[in-house]
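In our numbering, the protein residues as written are 15 to 146.
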Ligand code: TYD
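Written as structure tokens, this is what we have:
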């Protein structure tokens, strides 16, 4: 599974924590797009897709969720709920986000602009794609 949990540069003191993400330093690819997911519902999972060619860094800056990651051979679930940890994903990985806390804000940095043609939204198509 092409996933790495990285420590983000965090400056914590009695006032709180400041996390600084710098292009080409703390993020291992050139960032072309940033989006965030917020105002989520605990019973409304998201994702259910893979990308053909995209690198992403995901951080839950508030709250958390379970990320289910599947490369067609192994399936792993990890809880993303630490604003000082980022998950870097690359390669064709089916991802689902479950069990959001209601305060969850997930920030995602991506290596490419939004392109619906980069998405595989059907699980059988995903399995076919990784066998290629
Ligand atoms: P969707 O893929 O359903 O979100 P999730 O990965 O959380 O399940 O995306 C929701 C909508 O937002 C969908 O209409 C596509 C659109 N969208 C953009 O226009 N730009 C983007 O960068 C992203 C990630 C999604």
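We treat Cβ as the ideally placed atom computed from N, Cα and C, and that holds for glycine.
State buried or exposed for residue i, treating a residue as buried only when at least 16 other CB atoms are found within 10 Å of its CB.
{"i": "residue 27", "result": "exposed"}
{"i": "residue 120", "result": "buried"}
{"i": "residue 114", "result": "buried"}
{"i": "residue 38", "result": "exposed"}
{"i": "residue 84", "result": "buried"}
Regarding residue i and the ligand TYD, is the C-beta to nearest heavy atom distance less than 7 Å?
{"i": "residue 148", "result": "The displayed coordinates of the chain run from 15 to 146. Any statement about residue 148 would go beyond what the structure contains."}
{"i": "residue 60", "result": "yes"}
{"i": "residue 63", "result": "yes"}
{"i": "residue 47", "result": "yes"}
{"i": "residue 107", "result": "no"}
{"i": "residue 137", "result": "no"}
{"i": "residue 134", "result": "no"}
{"i": "residue 128", "result": "yes"}
{"i": "residue 31", "result": "no"}
{"i": "residue 51", "result": "yes"}
Could you tell me whether the Cβ atoms of residue i and residue j are closer together than 8 Å?
{"i": "residue 123", "j": "residue 101", "result": "no"}
{"i": "residue 111", "j": "residue 59", "result": "yes"}
{"i": "residue 46", "j": "residue 116", "result": "no"}
{"i": "residue 99", "j": "residue 21", "result": "yes"}
{"i": "residue 144", "j": "residue 77", "result": "no"}
{"i": "residue 9", "j": "residue 79", "result": "Here the chain has residues from 15 to 146 only, and residue 9 is not among them."}
Among all the DSSP beta bridges, which residues are the ones paired with residue i?
{"i": "residue 52", "result": "DSSP, once it has assigned bridges, lists no residue as partnering residue 52."}
{"i": "residue 137", "result": "In the DSSP output, where bridge partners are listed per residue, residue 137 has none listed."}
{"i": "residue 91", "result": "82"}
For the pair the segment 54-67 and the segment 129-139, tell me if three or more CB-CB distances fall below 8 Å.
Contact check between the segment 54-67 and the segment 129-139: three or more CB pairs, one atom from each, fall below 8 Å, which counts as touching.
Three or more beta-carbon pairs under 8 Å between the segment 88-106 and the segment 16-27, yes or no?
The answer is yes - the segment 16-27 touches the segment 88-106, with three or more Cβ pairs under 8 Å.
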